[in-house]
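Structure, as structure tokens:
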Amino acid sequence: MTPEADCGRRIVGDFAKRAFRRPVAADELPAYLGLIDVAKRNGETFEVGIKLALAAILVSPDFIFRVELDPVLGAKRALNDWELAT
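Here it is as structure tokens:
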């Protein structure tokens with residue numbers, strides 16, 4: 068992994084964790100990181116790619132809505148630490 072890619076992964080991952088108010092699963096990041104590659108393929112800078120990725124996070128339903136995933140519909144359960152903090 069290049070230093071630039073590693074830096075992008077840290078920036079996007081840290082931002083997503085804060086924006087989503089929970090840990091981010093490993094399979095969620097590639098979609099956002101792919102926007103950096105798209106920008107670079109179109110002749111844009113790394114910074115423009117980061118801006119695209121961060122903008123995509125800010126329009127994600129995981130940012131806009133508070134999500135509480137119930138394992139069984141209608142079942143009562145204790146909130147986890149992330150849900151409680153939110």
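Numbering (the working numbering), first residue to last: 68 to 153.
Glycine included, every Cβ here is placed at the ideal spot set by N, Cα and C.
Taken atom to atom, the span from the alpha-carbon of residue 131 to that of residue 138 is near 22 Å. Residue 96 and residue 105 have their C-alpha atoms roughly 15 Å apart. Residue nearest to residue 82 within the set 140, 146 and 129 is 129 (criterion: CA-CA distance). In the DSSP assignment, residue 132 falls outside any alpha helix (DSSP H), carrying neither H nor E.
Within 10 angstroms of the beta-carbon of residue 120 lie 16 or more other beta-carbons, which makes it buried.
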